[in-house]
Each structure stands twice: as C-alpha cells, then as structure tokens.
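Below is one structure; the comments refer to it alone.
Numbering (my numbering), first residue to last: 52 to 457.
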C-alpha cells in the first residue's frame, strides 16, 4: 500500500513524500532507518490513484523533449542522492524550468504525488515524455527504495542516446552543406553563366557538341519554366511530408531504414544498441524477463525487430534461451548472441546484455565516423566532376574554333 507522510530529517528539514509498505508500522520503521522522524502518515486514498487523462489535458506542448528530459533526470538523480524527497526534488527542478510545456508536466507530477499517486503512475499520464521502459525503471526504484540509482541509470541511457543523436547530426551536417553548395553553384552556372555563352555561340554560329547543346537547352528550359519547377518541388515536398505523417508512410519509412545499402547496417546496429541497452537495464532493475521484452517493443517500430522480440518471447515462454532466438534471426552478430548465451549460463544475463549494448554503441560511433570520412571526399569528387563537365562543355566549342582557325 502507498502512504503519504510528513517527516523531519536530522537537520530539522521537513520532508513530504510517499512510501510503499505493507502497513503504517512498517512504513514508519523504514523511514526511521533512513533517519527520518515521522510527524504524520496516512494511507493514500484509492480515489487518488492515477486516473486516465482527458484528451484536453494532453496538450502538444506538455512534454519534455530529449534534452530537457535528460536535464530533468540528472537533476532528480542528484537531488534524491543528496537526501531530498521526491516532491521537494520535483519542486527544485520546477524552479529551473522556463517553458510552459515543461512546467505543465512537472506541476502535474507534483500534484499527483501530493495526492498519493506513485511516481511511475503519475508519469504514465505523460506517455509522450516518459516511455514505458522509463516508467518501468522508476516503478522498480519505488518498489526497491533505490530511486537515486534508477534515475542515475536513466540519465546514463538518455545521455548516450543524446550523444549518439548529436554525433549523427554532426556527421550529416558537412555533407549536407557540400550538397547544398554544389546545387547553388550548378544553379548559378545554368541560370547566369551559360546564357552568356549561348549568346556568344549564336553570334559565332558555331557547331556545338551534344554535351554543350544539352547544357544550353537545360539552361533555356530553367530560365523559362523556373516557376513551374519551384511549384513542382514544393508539391513534392508536401506530398512526401503528408505520406510520412500518415501511419502507412511512417511505417514504410521505419521499415526501409534497415534495407538501404550501406546505411542499413548502421540503422540496424543503432536499433540493436538501443534495444539491448533498454533490455539490459530493465533486467538489472529486476523487471521480469517477459515484461521487459514487452516494454522493449516500444523501443522501435521496425517490423523486423518487433518480429525478433516476438520470437524471443516465444523462445523464452517455450523454455528456450534468448540467445537461441538471436542466433536464428540471421542478422545479429555471433559475438552478441554468444556473449548473451554466456550471461544466461552464468546467471548474469542483465550485465551481459548491457555489455553488448555498450560494445554496439562504441562500434556505431566508429562506424558513423568512417561513413563521414568516406562521404566527404565522394561529395567533393562529385562536385568536381559536375563543375568540370560544365566547364569542358562550354569551352570545347571555343577550342574547336581555335583549332580550325589555326
């Protein structure tokens, strides 16, 4: 049962919080062992349990994106480890937030906790901020009175996720800049430089090679119909955006990630790292294996990996091992399932899976760096080929004319 209490610590500071215990006497004894003197304690009313949230309560702004969620989690870990209660810790975090949407989430958490709602249940009212695996770790912390450790674990997971995301964005930024630069240079040549050569070629009445004629025709078409080109590109962007926003289009995009040549291997390993990190953490937090696997379904929407999770569940339910299902999948590295098999045999499944996740994350960081180093010279080479082809096509007729005069 959950009990709401007021207590005083050794320094005389008042603490308002909730505790889970079999009865009032057990709760008081637990609090006494932590150095708290109970002033008032009473069972949380059943009517204060977590209730379904109405649609209007879930505003689009009432959420914490990854960066604020990481800050929230780190602050909670630090404050709880320093001896603060959950409600005072949330109040301290609230004072450091500025955006209304962020404040809404924390205010609702404080309000629910003051009514005796467990923190994991209160977080369940904000599924767009706190995913099921996050809430499961918090619930495990509440049950075992190890909330600071659980927030530490979650901060580590979120920190690695954010670092990896920044690594990917940084890796894509320079190639994207080069592609944009190449597009601008090519557009400037077609719209402003080539038309001047066209006038000169027409005045000299030169016989033009096929490549030069193509460039002149393309330049003329762009200058005449550029408005339609802009409209076409805008329509294509709208259609693609609408398709991706739909459930079918979003699912297709998620599934195709692991099938793209070269990038598919990286996408698959990124999902594996996140999946094994979540599973390993949940098992180490003493969440049941089948429940942990069910929670891992929320890690990815990719059908290939959802099927893998289903096969692992069937394997475990049938008395087989996780490593057997991973081995049969055909796309999990042998080093991964052998390590997990060793963990199963030695009784250290959670740490073994977490170790595999760490190895995958380190390999993924290296793979992202390798792909970046490959793409930069390839894009530069492509830019050189395009600009060089345009230059040769423009000056070739002049070279032919000079050779004929000579």
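A virtual CB, placed ideally from N, CA and C, is assigned to each residue, including glycine.
Report the three-state DSSP secondary structure of residue i (helix, strand or coil).
i: residue 90; result: strand
i: residue 415; result: helix
i: residue 54; result: strand
i: residue 244; result: helix
i: residue 60; result: coil
i: residue 217; result: helix
i: residue 338; result: coil
i: residue 67; result: strand
i: residue 353; result: coil
i: residue 197; result: coil
i: residue 114; result: coil
i: residue 454; result: helix
i: residue 303; result: helix
i: residue 123; result: helix
i: residue 323; result: helix
i: residue 158; result: helix
i: residue 445; result: helix
i: residue 458; result: Outside the displayed span of the chain (52 to 457) sits residue 458, for which this structure offers no information.
i: residue 142; result: helix
i: residue 294; result: helix
Apply the 10 Å Cβ neighbour rule to residue i and answer buried if 16 or more other Cβ atoms are within range, or exposed otherwise.
i: residue 263; result: buried
i: residue 169; result: buried
i: residue 151; result: exposed
i: residue 199; result: buried
i: residue 105; result: Because residue 105 carries a pLDDT of 44, less than 50, the predicted location of this residue cannot be relied on, and the following value inherits that uncertainty. Result: exposed.
i: residue 231; result: exposed
i: residue 436; result: exposed
i: residue 370; result: exposed
i: residue 79; result: buried
i: residue 453; result: exposed
i: residue 353; result: buried
i: residue 270; result: buried
i: residue 251; result: exposed
i: residue 204; result: buried
i: residue 256; result: exposed
i: residue 285; result: exposed
i: residue 167; result: buried
i: residue 424; result: exposed
i: residue 103; result: With a pLDDT of only 43 at residue 103, under 50, the local geometry of the prediction cannot be trusted, and the value read off the model is given with reservation. Answer is exposed; the Cβ neighbour count stays below 16.
For residue i, which option in the options has the closest C-alpha, if you only look at C-alpha atoms?
i: residue 348; options: 119, 86, 184 and 125; result: 184
i: residue 211; options: 93, 117, 344 and 251; result: 117
i: residue 248; options: 323, 442, 453 and 454; result: 442
i: residue 449; options: 209, 370, 253 and 364; result: 253
i: residue 128; options: 147, 145 and 206; result: 206
i: residue 56; options: 136, 124, 126 and 131; result: 136
i: residue 366; options: 340, 299 and 413; result: 340
i: residue 312; options: 433, 299 and 422; result: 422
i: residue 408; options: 201, 451 and 322; result: 322
i: residue 401; options: 268, 310 and 344; result: 344
i: residue 86; options: 60, 362, 93 and 260; result: 60
i: residue 94; options: 53, 425 and 390; result: 53
i: residue 246; options: 268, 260, 166 and 425; result: 268
i: residue 43; options: 434, 411, 82 and 213; result: The question about residue 43 has no answer, for the chain in this structure spans 52 to 457.
i: residue 403; options: 364, 444, 426 and 332; result: 332
i: residue 242; options: 258, 260, 266 and 261; result: 266
i: residue 88; options: 216, 58 and 305; result: 58
Excluding sequence positions up to five away, which residues of its chain have a Cβ less than 6 Å from the Cβ of residue i?
i: residue 329; result: 184, 347 and 350
i: residue 372; result: 395
i: residue 440; result: none
i: residue 148; result: 154
Short of 7 Å in beta carbon distance, which residues of its chain neighbour residue i, apart from the five on each side in sequence? Order them along the chain.
i: residue 120; result: 180 and 209
i: residue 385; result: none
i: residue 171; result: 186, 189, 190 and 193
i: residue 70; result: 54, 56, 78, 81 and 82
i: residue 327; result: 404, 407, 408 and 411
i: residue 114; result: 152, 156, 177, 179 and 180
Excluding the five sequence neighbours on either side, which residues of its own chain have a C-beta within less than 8 Å of the C-beta of residue i, listed in chain order?
i: residue 302; result: 352 and 354
i: residue 145; result: 154, 157, 158 and 161
i: residue 433; result: 233
So that I know if they touch, is there some Cβ in chain B lying closer than 8 Å to that of residue i?
i: residue 159; result: Structure shown: chain B not included; a single protein chain is present.
(request) Indicate whether the contact test is met: 3 or more Cβ pairs, each with one atom in the region 152-161 and one in the region 216-236, closer than 8 Å. (result) no
(request) Taking 8 Å as the threshold, find out whether the region 405-423 comes into contact with the region 357-373 through three or more Cβ pairs. (result) no
(message) Could you check whether the region 173-188 touches the region 74-86, counting it as contact only if at least three pairs of C-beta atoms, one from each stretch, sit closer than 8 Å?
(response) no
(request) Tell me, please, whether the region 186-206 touches the region 330-337 by the rule of three or more beta-carbon pairs shorter than 8 Å. (result) Yes, they touch.
(message) Below 8 Å, how does it come out for the region 138-152 and the region 216-236: are there three or more Cβ pairs, yes or no?
(response) no
(message) Quick test of the definition: if touching needs 3 or more C-beta pairs under 8 Å, does the region 212-223 touch the region 362-377?
(response) no
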